[in-house]
Amino acid sequence: MFYIYLSLYCFQGITSGSIDVWIYLHSFFLNTFTVVVLFLEFYLRYKQDQGNQYSLILRLISWILYVMILGYQQVYQTQVNYELFIYFLKHIQLLFNDLISFLYQWKLSQWIVLFLGFYWILYKTRKKIFILLSVVILFFLSFHVEREDLDVRNKSSISITQTKRVKTFLESIPEKSNIVFVILEGVSRKHLSTQRSNYIDFSLLEGSHFWIPMPHTSKSLFTWMTGQSQLYQTRLQLDNFLLEDSLPKQLQKKYNYQTFMIYTQSIYFEGMDRFFPKIFQTVWDKTTLEKEYGSLYSSFSWGMDDRVILAAQKKINLKSNDPLFVLIGLSQTHSPYFVAVNGLNSEWKSPSIRYKVALQEEVKVLDSIISYWKENSDRETVIIISADHGESFGEEGAHAHNYSLYNQETDVPFLFYFVKSGKIFSPKQGTSIDFKTTILSLLNQNKDQVHLDRRKLFFTPDYKLELFLKTWNSEIQKSWIISDKKYIYHSDRDQLLEMELDDSNRKQVIDVKLKEKLVKQILSETR
């Protein structure tokens, strides 16, 4: 096993042909863990204690962990470091159910490697020629896995057909309008645009773009509410000014809004419990909803059956004299994707099929939310529909979310639906960084205020697109979107790609001076 470990360590990233990739994938954590398992194998061999029952269990656990770490790096195309490993240990109960989805994404070659190790640990009678044969097998299996993961392909642009008119410019929201902001979980613009509800044909989203700066839930929700990305921090960094300047607080102080948050996930995760209860007057998260509605609606590791929203929102007094701001956060389309309908066996099929069924259920929830406010609110209500991030299903070697800045994870749906008039507004371009500023400007009836920078208002023709993006808890990708161009810097292989806003026409920036200038600008805003 000593040579098997050593071979896996050396072959990790070697087929990319880049020394930078190899160094990136061999983090201090992986180096340390490798030294530990090699020392363990050497010590047990020296003591001739490899066949002892406890030694076998220890060796099996070490082998499984080692292969899982390398598998994580290959599936999610990122570096496993101490921070990520500690994060896993802290939240192991919540993350455990994602294990099935993670293992589903393994290739046959990775399973062969795992069972090859089992053979070497459990069987004593082996010929030495098997050592050399195993090393050769590991080399070719590593080559097979990484050749697929590191491939960067040029995607053709999608033909755009608008089936119904949608307005892209909006000057104001009627005074004292209710605002209901529904945030889908892990739904890209691309995925939602395939759906059609009783009220909205989401194909209207085709041809528009709306980006979030980091494809991770807590960070994204933070950005929606504050207009800050904090790309340089993995966790939320809070202070009193930031809390008081948040969107719910500003709506409450300036326009007398009552503020509510209904969230089918738990806020006791990554410090969200120190943020949302301080900016919303009322917060109902999974913990609260389970106590009241747990007997009626199913729960899973990350959240609940999102139909619980339909019951919870009835607790809000829609006849209040004050306007209402309600943030609704959904959860069913979070990996590993929860399907509420019984009898389809969809939950046992592939993640992509389970995701599609979950998304269809979410569209029905959206319809029910719209129907409720349409039927029960006397004043105009603006339903805002967007998402915290998108989701990858193998594109560019990525799965789920966090570690890719291509559009399937960062380009989210965004639209306004006015329930009284049925009008739909969706900007051609926008970012969640500018959401707070845009909402407050739409409510501001005094339009002659000179301090408003219309270049930051995505419902105006003066809007200027610019956004820096970064992968969560990882340095693997950084990006800059400006005007009509998008740049993605792959830190692991020192590669800068230029592309259109729809990720098409990708080309590598090979001009040394231009690349140095662009990378310097990107790094200055993401560190």
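Its first residue numbered 21, the sequence shown is counted upward by one per residue in the working numbering.
No residue lacks a Cβ here, since even glycine has one placed at the ideal position from N, Cα and C.
Annotation for V207: no alpha helix (DSSP H) segment contains it, and DSSP assigns it neither H nor E. Taking a C-beta distance under 8 Å as the contact criterion, T243 and I453 qualify as a contact pair. Residue environment: N422 is assigned as buried (16 or more neighbouring CB atoms within 10 Å of its CB, all protein chains considered). In this structure, DSSP gives M281 an extended state, which the three-state scheme calls strand.
At least 8 Å separates the beta-carbon of T430 from that of F488.
DSSP, read as helix, strand or coil, puts R255 in coil. Residue environment: S27 is assigned as buried (16 or more neighbouring CB atoms within 10 Å of its CB, all protein chains considered).
Check the Cα spacing between E415 and each of L379, D523, R374 and T308: the tightest is with D523. No residue range can be given for A418, since it is assigned to no beta strand (DSSP E) and is classified by DSSP as neither H nor E.
About 20 Å separates the beta carbons of D326 and L344, which is beyond the 8 Å limit, so they are not a contact pair. With three or more CB-CB distances shorter than 8 Å, the segment 200-207 counts as touching the segment 398-405. Burial state of V377 is buried, judged by a 10 Å Cβ sphere holding 16 or more other Cβ atoms. For T307, the closest alpha carbon among the candidates R294, Y317, F296 and Y288 is that of Y288. Residue pairing for Y507: DSSP places it in a beta bridge opposite W500 and E518. Taking the CA atoms as reference points, Q301 sits about 55 Å from F59.
Under the criterion of beta carbons closer than 8 Å, P233 and S249 qualify as touching, at roughly 4 Å. For F222, there is no enclosing beta strand (DSSP E), since its DSSP letter is neither H nor E.
When beta bridges are read from the DSSP output, R65 appears opposite no residue.
Around L425, the same chain offers P235, L489, K490, T491, Q497, K498, S499 and I508 as residues with beta carbons nearer than 8 Å, after the five sequence neighbours per side are excluded. Restricting attention to beta strand (DSSP E) runs no shorter than 3 residues, the segment 285-353 encloses them at 302-304 and 344-349, ordered along the chain.
A straight line joining the alpha-carbon of F320 with that of E312 spans about 16 Å. Spanning the alpha carbons of F222 and R216 requires a straight line of approximately 6 Å. For the options A418, K440, H409 and G442, the alpha carbon positioned closest to that of T451 is the one of H409.
The secondary-structure analysis by DSSP pairs A407 across a beta bridge with L204. Residues of the same chain with their beta carbon placed closer than 6 Å to that of L142 are lacking, with the five preceding and five following residues left out of the count.
Only residues of its own chain outside the window of five on either side were considered, and among them M245, T279, I299, F300 and F345 have a CB closer than 7 Å to the CB of P268, listed in chain order. In the DSSP assignment, V539 forms no beta bridge with any residue. By the neighbour-count definition (other C-beta atoms within 10 Å, threshold 16), F138 is an exposed residue. Cα atoms of S446 and W140: separation of roughly 59 Å, rounded to the nearest angstrom. Runs of the alpha helix (DSSP H) lying entirely within the segment 412-456 and spanning at least 4 residues, in chain order: 427-430. Here the alpha carbons of S461 and L472 stand approximately 8 Å from one another. Secondary structure of K127 (DSSP, three-state): coil. Note that the segment 252-264 does not touch the segment 434-448; fewer than 3 beta-carbon pairs, one per stretch, sit closer than 8 Å.
Our two residues, S213 and P356, have alpha carbons roughly 21 Å apart in a direct line. Just measuring C-alpha positions, the residue of E61, L347, I444 and V359 sitting nearest Y219 is I444. DSSP places S524 within a strand segment (E or B) once states are collapsed to three.
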